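Add 47 to a position in the sequence shown, counting from 1, and you land on the number used in my numbering.
Cβ atoms here follow ideal geometry from the backbone N, Cα and C, with glycine treated the same way.
All figures in this text were calculated on a predicted structure; none of them were measured in a lab.
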Amino acid sequence: MARCSRDEARRREQVNERQRACRARKKADLKRFTIDGDEAGIAEAMINSTRLTEAETADHDKVETALAAVVAEWAKRWR
């Protein structure tokens, strides 16, 4: 049995992680959405609404999480 190279092992781990995340979303009855947006405008809105600090808006994951919270609040209001 041939051994995997480090790159192959890393790629497999990345695939496995995506699969774990996908299964977790499915279990939580969540769907992943992709949107395009004005980065500066979204950052400014996050700062002005006090959801994030200016420093936090440099972290894409934090902005994405905050946007998800905004959309969840909006959806809850309009159900």
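>> With H, G and I counted as helix, E and B as strand and the rest as coil, what does DSSP make of residue 94?
In response: Counting from one through the sequence shown, the residue named residue 94 turns up at place 47. Residue 94: helix per DSSP, three-state reduction.
> When DSSP labels each residue in this structure, what does residue 82 get in the three-state scheme?
Replying inline: Within the sequence shown, residue 82 is the residue found at index 35, counting from 1. Looking at residue 82 - three-state DSSP - the assignment turns out to be coil, as it is neither helix nor strand.
> To the nearest angstrom, how far is it from the Cα of residue 58 to the Cα of residue 71?
Replying inline: Translated into the one-based positions of the sequence shown, residue 58 becomes position 11. Translated into the one-based positions of the sequence shown, residue 71 becomes position 24. The alpha-carbon atoms of residue 58 and residue 71 are separated by roughly 20 angstroms.
> What is the residue span of the alpha helix (DSSP H) that residue 112 lies within?
Replying inline: Start at 1 with the first residue of the sequence shown, and residue 112 comes out as number 65. Taken as a continuous stretch (DSSP letters only), the alpha helix (DSSP H) holding residue 112 covers 107-124.
>> Taking contact to mean 3 or more Cβ pairs, one atom from each stretch, closer than 8 angstroms, check whether the stretch 81-92 and the stretch 103-117 are in contact.
In response: yes
> Does the Cβ of residue 56 have 16 or more other Cβ atoms within 10 Å, making it buried, or fewer, making it exposed?
Replying inline: Sequence index remark: in the sequence shown, residue 56 carries index 9 (1-based). Counting Cβ neighbours within 10 Å, residue 56 comes out exposed, since fewer than 16 surround it.
> residue 103 lies in the alpha helix (DSSP H); which residues open and close that run?
Replying inline: Taking the sequence shown and counting its residues from 1, the one referred to as residue 103 is at position 56. Segment: none, residue 103 is in no alpha helix (DSSP H) and carries neither H nor E.
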